[in-house]
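Please read the structure below before turning to the comments.
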Amino acid sequence: MRRAMLLFAALASSAPFGAAAGAVDAFLAFTASSRTATATFEQRVFDRSGRRVDRATGAFAFSRPDRFRWAYDKPVSSLIVADGTRLWIFDEDLNQVTVRPMDRALSATPAALLAGREDVTAVFTLREAGQADGLDWLEAVPKEGDTGFERVRIGMKGAVPAAMELHDSLGGRTVLAFPVFRTGARVDPGEFRFTPPKGADVLDELPAPAASRPKGAAPGKP
Numbered sequence: 004m005r006r007a008m009l010l011f012a013a014l015a016s017s018a019p020f021g022a023a024a025g026a027v028d029a030f031l032a033f034t035a036s037s038r039t040a041t042a043t044f045e046q047r048v049f050d051r052s053g054r055r056v057d058r059a060t061g062a063f064a065f066s067r068p069d070r071f072r073w074a075y076d077k078p079v080s081s082l083i084v085a086d087g088t089r090l091w092i093f094d095e096d097l098n099q100v101t102v103r104p105m106d107r108a109l110s111a112t113p114a115a116l117l118a119g120r121e122d123v124t125a126v127f128t129l130r131e132a133g134q135a136d137g138l139d140w141l142e143a144v145p146k147e148g149d150t151g152f153e154r155v156r157i158g159m160k161g162a163v164p165a166a167m168e169l170h171d172s173l174g175g176r177t178v179l180a181f182p183v184f185r186t187g188a189r190v191d192p193g194e195f196r197f198t199p200p201k202g203a204d205v206l207d208e209l210p211a212p213a214a215s216r217p218k219g220a221a222p223g224k225p
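Under the working numbering, think of the first position of the sequence shown as 4, with each following residue one higher.
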């Protein structure tokens with residue numbers, strides 16, 4: 004499940020997105036109008052041979068732009084929180100926290116498709132992907148490389164996402180279903196703040212402040 008957590012967190016058209024009505028238009032309308040949302044999710048992870056290697060459930064919430072909370076409850080508790088400036092990843096099993104900057108890399112992750120800024124077409128190429136399982140599908144391909152995945156498929160049920168499929172560069176696939184998805188939900192701003200638990204091992208990947216760097220050093224470099 005840690006692999007799936009990192010893929011999602013790290014984890015952020017061959018045809019013009021406006022060329023056909025359908026899933027793309029519905030998704031763009033969703034990103035433009037949904038300022039907040041809450042949902043439950045069911046997650047399955049498959050390796051390149053199609054064998055299921057992980058299964059998890061949980062809930063998430065977002066407040067646009069760039070604030071979201073993705074919480075796993077089974078089989079183990081873990082948490083991903085974006086506060087608008089930093090991305091926190093808490094592995095409760097290891098009592099370990101990783102904190103990263105919310106930079107352009109995050110803008111091209113699957114999280115940005117749901118909780119990012121309105122102009123998703125700036126970082127993703129969108130195209131229609133037909134109908135299947137009672138859903139209208141679109142495909143999103145990141146315009147930048149090194150995102151940890153090659154493409155994301157999103158299944159729309161009316162005006163809201165009902166499923167996502169993340170295809171990584173190694174042939175693996177993470178499948179997410181959203182049994183409950185409520186747009187416009189009231190979300191406590193405190194849901195998007197995180198304080199590392201006492202005694203947790205904190206891995207700080209934030210760039211060093213400019214004042215603490217030697218003259219001429221690049222951000223994030225000693």
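Just so it is clear, CB atoms sit at the ideal spot from N, CA and C, and this is done for glycine as well.
| Item | Value |
| --- | --- |
| Arg189 to Thr39, Cα distance in whole Å? | 7 Å |
| Beta-carbon within less than 6 Å of Val79's beta-carbon, same chain only, minus the 5 sequence neighbours each way: which residues are those? | Asp96 |
| Could you tell me how far apart the beta carbons of Thr41 and Arg130 are, in whole angstroms, since I believe they sit closer than 8 Å? | 28 Å between Cβ atoms; not a contact. |
| So what does DSSP say about Leu173, is it helix, strand or coil? | coil |
| In this structure, how does DSSP classify Val123 when only helix, strand and coil are distinguished? | helix |
| Tell me, please, which residues DSSP counts as bridged to Asp207. | Val102 |
| Please report the residue range of the beta strand (DSSP E) in which Ala29 lies. | It is not in any beta strand (DSSP E) - Ala29 instead sits in the alpha helix (DSSP H) that spans 26–36. |
| Flag this pair as touching only if the region 192–199 and the region 82–90 have three or more C-beta atom pairs under 8 Å; answer yes or no. | yes |
| Does DSSP put Ala40 in a helix, in a strand, or in coil? | strand |
| By Cβ distance below 8 Å, which residues in the same chain neighbour Gly61 in space, the five residues on each side in sequence not counted? | Thr43, Phe44, Gln46, Trp73, Ala74, Tyr75, Asp76, Lys77 |
| Do Trp140 and Ala32 have their beta-carbon atoms positioned less than 7 Å apart in this structure? | no |
| Closest to Thr182 by CA distance: which of Leu173, Arg58, Ala166, Arg176 is it? | According to the sequence shown, residue 182 is Pro rather than Thr. It is Ala166. |
| Specify the secondary structure class of Phe195 as computed by DSSP and reduced to three states. | helix |
| Quick check on the DSSP output: the beta strand (DSSP E) that includes Pro145 runs from which residue to which? | 138–145 |
| For Phe184, which residues does DSSP report across the bridge? | Ala42 |
| What does the alpha-carbon distance come out to for the pair Ala162 and Gly137? | 14 Å |
| Taking 6 Å as the cut-off, is the beta-carbon of Thr34 closer than that to any non-hydrogen atom of the ligand PLP? | Ligands in the displayed structure: none, and consequently the ligand PLP is not present. |
| Just list the residues that DSSP pairs Thr60 with in beta bridges. | Glu45, Lys77 |
| If you draw a straight line from the alpha carbon of Glu147 to that of Val126, how long is it in whole angstroms? | 7 Å |
| Determine whether the beta carbon atoms of Gly2 and Arg55 lie at a separation below 7 Å. | Only positions 4 to 225 of the chain appear in the structure, and residue 2 is not among them; the question remains open. |
| Where does Ala162 fall in DSSP's three states? | coil |
| Among Ala143, Pro68, Val102, Ala180, which one has its Cα closest to the Cα of Glu208? | Val102 |
| Does DSSP put Leu97 in a helix, in a strand, or in coil? | coil |
| Check the C-beta distance from Val144 over to Arg154 and give it rounded, since I have them as a contact under 8 Å. | 5 Å |
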